[in-house]
Amino acid sequence: MIEVEIRDGQVSPSPATRVRVEHGDTVRIVLTSDRADELHVHGYDLEESVAAGGTATLEFSADQSGSFEVEAHELDPPLLFTLQVR
33 MIEVEIRDGQ VSPSPATRVR VEHGDTVRIV LTSDRADELH VHGYDLEESV
83 AAGGTATLEF SADQSGSFEV EAHELDPPLL FTLQVR
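Take 33 as the starting number for the sequence shown in the numbering used here and just add one per residue.
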């Protein structure tokens, strides 16, 4: 499970974080945010809305290899972390 928090426009852990998973792994991203936003996994084209003060969970199979940016659309800059599938 990958846990990410947005609070006061700041991301924790750092957006420079690279999360490595193996091809075929189940990836579960849990985003907690103090404002409404949308979680987006590039390359997989998966999105999940999160309400202000809420939590969103996105779960999928890592069936594509490569590096994929995971973003929150309303955050500036939008990057939450980079997912690396080996």
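Even for Gly, the Cβ is constructed at its ideal location relative to N, Cα and C.
Option in the options with minimal Cα separation from residue i
| i | options | result |
| --- | --- | --- |
| T64 | S97, S81, E101 and R118 | S81 |
| L134 | P47, I61 and I34 | An answer regarding residue 134 cannot be provided, because it is not within the stretch 33 to 118 covered by the chain. |
| S93 | P45, L115 and G86 | L115 |
| T89 | V73, S97 and R39 | V73 |
| S99 | G85, V36 and T49 | T49 |
| M33 | S97, R118, I61 and G86 | I61 |
Three-state class that DSSP yields for residue i in the structure shown
| i | result |
| --- | --- |
| D69 | strand |
| Q116 | strand |
| S44 | strand |
Expected contact under 8 angstroms - CB spacing of residue i and residue j to nearest Å
| i | j | result |
| --- | --- | --- |
| D104 | E79 | The residue you asked about is not Asp; residue 104 is Ala in the sequence shown. Actually they do not touch by this definition, with Cβ atoms about 11 angstroms apart. |
| D95 | G56 | 7 angstroms |
| F113 | V51 | 6 angstroms |
| D66 | I38 | 6 angstroms |
Neighbourhood of residue i by C-beta distance below 6 angstroms, restricted to the same chain and skipping five residues each side
| i | result |
| --- | --- |
| E91 | R60 |
Beta-carbon proximity list for residue i, same chain, < 8 angstroms, skipping 5 on both sides
| i | result |
| --- | --- |
| R118 | R52, V53, E54, H55 and S97 |
Alpha carbon of residue i to alpha carbon of residue j, nearest angstrom
| i | j | result |
| --- | --- | --- |
| P45 | G86 | 18 angstroms |
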